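Before any comments, here is the structure.
Protein chains in written order, with this note's numbering: chain A, 171 to 437; chain B, 37 to 319.
Written as structure tokens, this is what we have:
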């Protein structure tokens, strides 16, 4: 790593996101604002794998979309490698885009149904589908090179998610956000995709933020976990500590929700 | 993951080929009209007036589909009428498609003031009764082929605009559009390389439908005598003339009507057939 790079790939402080609450909009006048994220602060060191957990409506997906700037925060700072990207315009954000990638929850909707896998992976590289980097990326995620000619609907769920991963890593990004990427898959594909992600983190030196509602998935992959509830961080701890000594009642609740082979044994 | 698209059966075969066959006949007839039509479509011979088609008693050899009240050969007039129909279908259909689709894509993708402006325009446009609107336009523009084409474009672009806008709105919500943004695509590139391929099947189906509609509109305008000058045979004009003598010579009305019907039907079926055959998602 070059010396002029920041140690922390992400430094988020007091991040706030609000949206118009249309359910309480008066007949005339603007709708009241509804806070989704209420001042969130955390850092992601280079090379770390951060887990972001929380139940439905906790704001974890909003946080992810804000970090990759699919949404704009209403307040706070968000430093990516030292640049504040919280309020950058689309055009100003574009040069940084190749360094920040995202893997989406629904692999079917996130792959263009009318483009072949090869074109999907090649497009962000501004390359053709037969570019060697495409084959290389597919190989990295364990798909044969001839998958480049297939269409997304011809693949299984696990294979589609691998294509999503291939597209993200083909850009050689510094940071990848993975938003619930295994929640749509069956258990065996889940395990395969997680193993793949573990391998890629080690091989490519990726920094990863992994959003999930499932702590058992987080435990496998992440070195550090933040627990979100109603737009606030209730716990921010190393994974080992979190599982051994959960500090917050909500964390314990999430831990209890993990199905175990023997219900009488706690994690 | 539930995905039923793979199980949709392909049944494009027969209708794609049948419609393609009729359209080929139609295009060839239009292109080769002077060579293949048995008679001059304008030559009148009152001695040969209202001859019935070849298989009915009293027919004259060489006049396969009979003659009209002025003794003009119906078959030759249908073949020459195909030329106008073809020009109108291709030019008016394509121009309507381009105008409406571009506005629909812009409105659906960029939203904001562009969408408000275009959508209100469509609403206002669609409040006019189309046939009256066409007659009004021709009255202002004057008769002639260019005016007919212009009138079709001016009236029918809303058909494309509304459907394409709705489809673009749908597609814009998909994650692959967000994914394009994360990949650093410009807005225009996202529209052209990600959304357009997904809206294109709809546009093509609409385009072939519109080509059929253009032929009908031209026939309607000919029927009310507002299309092309009477010395050029058109299907609509023939139907209008045939109407006056329907009890004495039904063939003057029926044969151009059949040609019109088959052409319009074939355009629509051809579009659907193409879509089923070449869309990678349905394939």
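Cβ coordinates follow ideal geometry from the N, Cα and C atoms, glycine included. Everything numeric in this text was worked out from a predicted model, so none of it was measured.
Residue nearest to residue 250 (chain B) within the set B:125, B:149 and B:78 is B:125 (criterion: CA-CA distance). The C-alpha of residue 201 (chain B) is placed about 20 Å away from the C-alpha of residue 307 (chain B). Residue 296 (chain B) is positioned such that its CB atom lies closer than 9 Å to that of residue 272 (chain B). Looking from the CA of residue 213 (chain B), the closest CA among B:197, B:134, B:146 and B:230 belongs to B:230. Residue range 181–208 is occupied by the alpha helix (DSSP H) that includes residue 182 (chain B). Distances from the CA of residue 155 (chain B) to each of B:194, B:100, B:235 and B:233 were compared; the closest alpha carbon is that of B:194. For residue 236 (chain A), there is no enclosing beta strand (DSSP E); the enclosing alpha helix (DSSP H) covers residues 230–237.
Per DSSP, reduced to three states, the secondary structure at residue 169 (chain B) is helical.
For residue 140 (chain B), no chain A residue has a C-beta closer than 8 Å to its own C-beta; the minimum C-beta separation is roughly 18 Å. Inclusion of residue 270 (chain A) and residue 303 (chain A) in the CB contact set at 9 Å is not warranted, their separation being larger than that value. About 19 Å separates the CB atoms of residue 180 (chain B) and residue 252 (chain B); that is not less than 8 Å, and the two are not in contact.
Within 10 angstroms of the beta-carbon of residue 429 (chain A) lie fewer than 16 other beta-carbons, which makes it exposed. About 12 Å separates the beta carbon of residue 299 (chain B) from that of residue 120 (chain B), a gap too long to meet the 8 Å contact definition. Contacts with chain B (Cβ-Cβ distance below 7 Å) from the segment 277–288 of chain A involve 278, 279, 280, 281, 282, 283, 284 and 285, listed in chain order. For residue 211 (chain A), there is no enclosing alpha helix (DSSP H); the residue is part of the beta strand (DSSP E) that begins and ends at 203–215. In the structure shown, residue 85 (chain B) falls within a coil segment according to DSSP collapsed to helix, strand and coil. Within the same chain, and ignoring the five residues on either side of residue 359 (chain A) in sequence, the residues whose Cβ sits closer than 8 Å to its Cβ are 326, 327, 328, 331 and 352. Nearest CB-CB separation between residue 236 (chain B) and chain A: below the 9 Å threshold. Interface criterion met: the Cβ of residue 216 (chain B) is under 9 Å from a Cβ in chain A.
Just measuring C-alpha positions, the residue of B:167, B:152, B:147 and B:117 sitting nearest residue 205 (chain B) is B:147. Residue 377 (chain A) has A:345 as its beta-bridge partners, per DSSP.
Shown here, residue 253 (chain B) sits in a helix according to DSSP, grouped into three states.
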